[in-house]
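A.B. asks: Here's a structure for you.
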Amino acid sequence: MNASTPSPLLSFPAPQIEERFDKHGLTAFGGANLLVDLFDRVGLPQSLERHLTPKSLWSTYSRTTEVEYLVLKAALGMGRIFETAELKNDPLLAAKLRLKKLPHPATSYRALDRFGSRRDVAQLGGVHRETLHPLLRGFGGAIMDIDNTVETVHGHQQGAFVGYNPRYHGRPSYQPFVAFEGQSRALLYAALRSGKTPNAREVIRFCRRAKKQLPEGCPVRFVRGDAHFGTEALLEELEAEEGRTGLKVGYALKLKLNPHLQSQVFQPLPWRRLASGDDTIIEVASLAYQARKWKRSRRVVFIRQRASFEPAQLPLFQACAWEYQAIVTSEDWDEEDVWHFYNQRCTAENGIKELKDGLGIDSIGKATFWPNAADLLIKGIAYNLLLRLKALAPPSYRHYTATRLQRTLLRVPALLVRHARRLILRLPALWVHRPAWEAVRLALST
752 MNASTPSPLL SFPAPQIEER FDKHGLTAFG GANLLVDLFD RVGLPQSLER HLTPKSLWST
812 YSRTTEVEYL VLKAALGMGR IFETAELKND PLLAAKLRLK KLPHPATSYR ALDRFGSRRD
872 VAQLGGVHRE TLHPLLRGFG GAIMDIDNTV ETVHGHQQGA FVGYNPRYHG RPSYQPFVAF
932 EGQSRALLYA ALRSGKTPNA REVIRFCRRA KKQLPEGCPV RFVRGDAHFG TEALLEELEA
992 EEGRTGLKVG YALKLKLNPH LQSQVFQPLP WRRLASGDDT IIEVASLAYQ ARKWKRSRRV
1052 VFIRQRASFE PAQLPLFQAC AWEYQAIVTS EDWDEEDVWH FYNQRCTAEN GIKELKDGLG
1112 IDSIGKATFW PNAADLLIKG IAYNLLLRLK ALAPPSYRHY TATRLQRTLL RVPALLVRHA
1172 RRLILRLPAL WVHRPAWEAV RLALST
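Numbering-wise, this note's numbering comes out as the position in the sequence shown, counting from 1, plus 751.
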C-alpha cells in the first residue's frame, strides 16, 4: 500500500457507545480498601485518639475521623482540600471510615483551623513518631539528611516572606525544614517556617527536634546537608554531641565556595583522578581548612569535574573550566568515599519531590500559619504510611515514587456491592497489579 493512501480502517467512524449514569457503588479509589486497613493495622485511629484534643460528643465527626480523612486524602494524592468535593458520593471511603457520608471540604478546612497554635500542632508530633518508629526498626543508628525547600504562596498567608525563590522571583513563600532518614527514606521531621533565609539558631533548633523523633536505640550517627547547613554553629553542635552522650555524630556538609575557600583550590593540592566516563574528568583532593570565623581547622574534601575535550575540539578562546565542590567532614575516609557518601543525600531531594508531587505539601490552603504547619505534618504522616505500604508490596514496588504507587495500587476503579449481608469490592479481572495487591493483602492479614 502506498504511504499516501489512507488506511481502510480510517474510512470507518469510531463506534458509537451509549452512555448511562445508572451504576451505583462505583469508586475510583479501590486501593483505599488496602490503605485504610493499613491505617487500622498500624493503629493510626488509636494514635490520633490518644494525642488529639477531642471535640464535643455531639459533633457530627470526631477529631480522629477528621484528621484520618485528611491523612487518607493526602495519601491518595489529593493535595488540596477542595479536591475532596469529588469524593462526595464515594461509597468505599464512607464505608471504610464507618461514616454515613464523607466530610464536606468546609469541614476539613475547619479541622485544620483547630490547629491554631504551636501546642496544637505538637499533638500531631506524637502521631508522627508512632507511625515513624516501625520504619526504623532494626537500624542501629540513623543517617539524618537535612534540607529546606521553597513553597510559593499566591495569597497573603501569615508568616510568608519574600526571600530566595528560584521559580517565582519576588513572590512570598514559606521555606520549611525537612529531615529524612537516609537508609529508610522515612521522613524524620518537617517544620514550617517563613521564607526568610534560615539562621544558625533555627538550624540547630530544628536538628534537635528532628533527633527527638528517633526511637530508643537508634541515635543519629551521621548528618548530611547542603551548603545552607555548613555553618560552624552546626559543626560545633554536632561535635559537642560526643561529650554530651558519648556517641560520635559524623557529618558531611557541603560548603559555599566563598572567595577564601576558592583561594585554597589554586594552592598546590594532591589532586587524584577518579575512574569515570569517557566524557568527564573527575579529581579529588583534601586538606585541613580553617575559615576566617572558625575556631579551628577541619578536613575539607574538594571535588572538581570538567568535560574531557581535547584542546583541538574546543571553540576559540573557550577555556575548559573546572566545576568545584567542597565538603567538610568529620571522617578520615578516602576522598572518593566521602563524596559518594554525601551524594547519597539526594534521597532527601527525591523525598521532597515526592512530598510535593505526590502529597501536595506545596499546596498552601489556609491563610494562617499554624493550620498550614499542621497540614505539612499531616502530609508527612501520610508519606511515611505510604512507605509502610510499599514495604508490604513485592520488591519491585518498593522503589516506586508516591505518585506511581498512587497510580498503580490506589487509584484503581472498583465496584462496591452488598451480598449476603457482606460488602464485596469487585476489582478488574485482568488487572496487571493483582499479584502486588494480593501480596499486600496477605501481609496485612498475617
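Backbone N, C-alpha and C define an ideal beta-carbon position, used for all residues, glycine too.
(1) Given LEU1067, which residues of its chain have a CB within under 6 Å of its CB, disregarding the five upstream and five downstream residues?
(2) For ASN899, which three-state DSSP category applies?
(3) Determine the DSSP secondary structure at TYR1134, reduced to helix, strand or coil.
(4) For GLU1105 and PRO949, I'd like the C-alpha separation in whole angstroms.
(5) Reducing DSSP to helix, strand and coil, say where ILE768 ends up.
(6) Please go through the same chain and pick out, in chain order, the residues whose beta-carbon is closer than 6 Å to the beta-carbon of GLN1069, but skip the five residues on each side of it.
(7) Buried or exposed for ARG975, please, with buried defined as at least 16 other CB atoms from any protein chain shown within 10 angstroms of its CB.
(8) Would you mind working out which of GLU967, GLN1041, PHE928 sits nearest HIS979, comparing C-alpha positions?
(9) May I ask which residues mark the beginning and end of the beta strand (DSSP E) holding PHE790?
(10) Check the DSSP bridge columns for PRO854 and list the partner residues they point to.
(11) How is HIS1184 classed by DSSP in three states: helix, strand or coil?
(12) Assess, as a yes-or-no matter, whether the stretch 1151 to 1162 is touched by the stretch 1123 to 1140 under the definition of 3 or more beta carbon pairs within less than 8 Å.
(13) Within its chain, find whatever has a CB closer than 6 Å to the CB of ALA1099; leave out the 5 residues flanking it on each side and keep chain order.
(14) Starting from the N-terminal side, write out each stretch of the alpha helix (DSSP H) that is 4 residues or longer and does not extend beyond the stretch 959 to 1014.
(15) Going by the DSSP bridge assignment, what does ALA941 pair with across the sheet?
(16) Whole-angstrom Cβ separation of SER859 and GLU817, contact assumed at under 8 Å?
(17) In the DSSP assignment, what residue or residues form a beta bridge with ARG1169?
(18) Please state whether the Cβ-Cβ distance between GLN964 and GLY946 is less than 8 Å.
(19) Return yes when the Cβ of LEU1127 is within less than 8 Å of the Cβ of ALA941, no when it is not.
(20) Please state if the CB of ILE1033 and the CB of LEU985 are separated by a distance shorter than 8 Å.
(21) Out of LYS962, PRO764, GLN909, PRO917, point me to the one whose CA is closest to LEU943's CA.
(22) Let's test the definition: count the other Cβ atoms within 10 Å of the Cβ of PRO766 and tell me whether it reaches 16, buried, or not, exposed.
(23) Look up PHE1120 in the DSSP assignment and say whether it is helix, strand or coil.
(24) From the DSSP output, in three-state form, read off ARG922 for me.
(25) Tell me whether THR1080 sits in a helix, a strand or coil according to DSSP, three-state version.
(26) Determine the extent of the alpha helix (DSSP H) in which THR1154 is found, giving its start and end residues.
(27) Smallest Cα separation from LEU1012: which of GLY1001, ILE1078, PRO966, THR996?
(28) Give me, in chain order, the residues of the same chain whose beta-carbon lies closer than 8 Å to that of SER1196; leave out the 5 immediate sequence neighbours on both sides.
(29) Taking buried to mean at least 16 other C-beta atoms within 10 Å of its own C-beta, is TYR919 buried or exposed?
(30) Hey, quick one: how far does the beta strand (DSSP E) through GLN909 stretch, first residue to last?
(31) Identify every residue that forms a DSSP beta bridge with LEU1025.
(32) What's the C-alpha gap between ASN1123 and THR804?
(33) DSSP three-state label for ALA1070, please.
(34) Would you mind giving the Cβ-Cβ distance between LEU786 and ALA826, rounded to the nearest angstrom? I have them listed as a contact below 8 Å.
(35) To which residues of the same chain is GLY1131 closer than 6 Å at the C-beta, ignoring the five residues directly before and after it?
C.D. replies: Quick look at the numbers:
(1) On the sequence shown, position 316 is the one that residue 1067 refers to. In this predicted model, LEU1067 has a pLDDT of only 46, less than 50, meaning its place in the structure is not dependable; the value taken from the coordinates is given anyway. No residues qualify anywhere along the chain.
(2) Position 148 of the sequence shown, counting from 1, holds the residue named residue 899. Assignment of ASN899 by DSSP, reduced to helix, strand and coil, places it in the strand class.
(3) By 1-based counting over the sequence shown, the position of residue 1134 is 383. In this structure, TYR1134 counts as helix in the three-state DSSP scheme.
(4) The sequence position of residue 1105 within the sequence shown is 354, counting from 1. The sequence position of residue 949 within the sequence shown is 198, counting from 1. Whole-angstrom Cα-Cα distance: 23 Å.
(5) As a first step, residue 768 must be located in the sequence shown, where it is residue number 17. In the structure shown, ILE768 sits in coil (DSSP, three-state: anything other than H, G, I, E or B).
(6) Your numbering for residue 1069 matches position 318 in the sequence shown. Low confidence applies here, because GLN1069 scores a pLDDT of 47, under 50, leaving its location unreliable; read the following figure in that light. There are no such residues.
(7) The sequence position of residue 975 within the sequence shown is 224, counting from 1. So ARG975 counts as buried.
(8) Mapped onto the sequence shown, residue 979 falls at position 228. The shortest C-alpha separation from HIS979 is found at PHE928.
(9) Here residue 790 refers to the residue found at position 39 when the sequence shown is read from its first residue. Taken as a continuous stretch (DSSP letters only), PHE790 belongs to no beta strand (DSSP E), being part of the alpha helix (DSSP H) at 783 to 793.
(10) Start at 1 with the first residue of the sequence shown, and residue 854 comes out as number 103. Its beta-bridge partners do not exist; DSSP assigns none.
(11) Counting from 1 along the sequence shown, the entry for residue 1184 is found at position 433. The answer is coil: DSSP assigns HIS1184 none of H, G, I, E or B.
(12) With a cut-off of 8 Å, the stretch 1151 to 1162 and the stretch 1123 to 1140 count as touching, because enough Cβ pairs lie within range.
(13) Working through the sequence shown from its first residue, we reach residue 1099 at position 348. Excluding positions up to five away in sequence, the list reads ASP896, ASP898, PHE931.
(14) 983 to 990, 992 to 996
(15) Stepping through the sequence shown from its first residue, residue 941 is reached at position 190. DSSP output for ALA941 lists VAL929 as bridge partner(s).
(16) Numbered from its first residue, the sequence shown carries residue 859 at position 108. Numbered from its first residue, the sequence shown carries residue 817 at position 66. Yes, SER859 and GLU817 are in contact; Cβ-Cβ is about 7 Å, under 8 Å.
(17) For the purposes of this step, residue 1169 is identified with residue 418 of the sequence shown, where counting begins at 1. The secondary-structure analysis by DSSP pairs ARG1169 across a beta bridge with LEU1174.
(18) Locating residue 964 in the sequence shown gives position 213, where the first residue counts as 1. Locating residue 946 in the sequence shown gives position 195, where the first residue counts as 1. It is not a contact, given that the beta carbons lie outside the stated cut-off.
(19) Start at 1 with the first residue of the sequence shown, and residue 941 comes out as number 190. Start at 1 with the first residue of the sequence shown, and residue 1127 comes out as number 376. Yes, the pair counts as a contact, with Cβ atoms nearer than the cut-off.
(20) For the purposes of this step, residue 985 is taken as the residue at position 234 of the sequence shown. For the purposes of this step, residue 1033 is taken as the residue at position 282 of the sequence shown. The answer is no: Cβ separation not under 8 Å.
(21) What you label residue 943 is simply residue 192 of the sequence shown in a count that begins at 1. Out of LYS962, PRO764, GLN909, PRO917, GLN909 has the C-alpha closest to the C-alpha of LEU943.
(22) Here residue 766 corresponds to residue number 15 of the sequence shown, with the count starting at 1. PRO766 comes out exposed.
(23) For the purposes of this step, residue 1120 is identified with residue 369 of the sequence shown, where counting begins at 1. Residue state, collapsed to three classes: helix.
(24) For the purposes of this step, residue 922 is taken as residue 171 along the sequence shown, with counting starting at 1. It is coil, neither helix nor strand.
(25) Translated into positions along the sequence shown, residue 1080 becomes position 329. Residue state, collapsed to three classes: strand.
(26) Within the sequence shown, numbered from 1, the residue matching residue 1154 stands at position 403. Segment 1153 to 1156, the alpha helix (DSSP H) holding THR1154.
(27) Residue mapping note: residue 1012 aligns to position 261 of the sequence shown, counting from 1. Checking every option, the nearest Cα to that of LEU1012 belongs to ILE1078.
(28) Taking the first residue of the sequence shown as position 1, residue 1196 is located at position 445. Excluding residues within five positions, none has a Cβ falling inside 8 Å.
(29) Walking along the sequence shown from the start, residue 919 turns up at place 168. Exposed, since its Cβ has fewer than 16 Cβ neighbours within 10 Å.
(30) Position 158 of the sequence shown, counted from the start, is the residue given in the question as residue 909. Looking at the DSSP string, GLN909 is not in any beta strand (DSSP E), and its letter there is neither H nor E.
(31) Residue 1025 sits at position 274 when you count from the first residue of the sequence shown. According to DSSP, LEU1025 bridges with ILE1033.
(32) Taking the sequence shown and counting its residues from 1, the one referred to as residue 1123 is at position 372. Taking the sequence shown and counting its residues from 1, the one referred to as residue 804 is at position 53. When rounded, the distance between both Cα atoms is 18 Å.
(33) One-based indexing of the sequence shown puts residue 1070 at position 319. Because ALA1070 sits at a pLDDT of 48, beneath the cut-off of 50, its placement in the model cannot be relied upon, and the point is left open.
(34) Residue 786 sits at position 35 when you count from the first residue of the sequence shown. Residue 826 sits at position 75 when you count from the first residue of the sequence shown. Indeed they touch by this definition, with Cβ atoms about 6 Å apart.
(35) Counted from its first residue, the sequence shown places residue 1131 at position 380. A distance below 6 Å between beta-carbons, with the five flanking residues on each side excluded, links GLY1131 to the following residues of its chain, in chain order: LEU938, ALA941.
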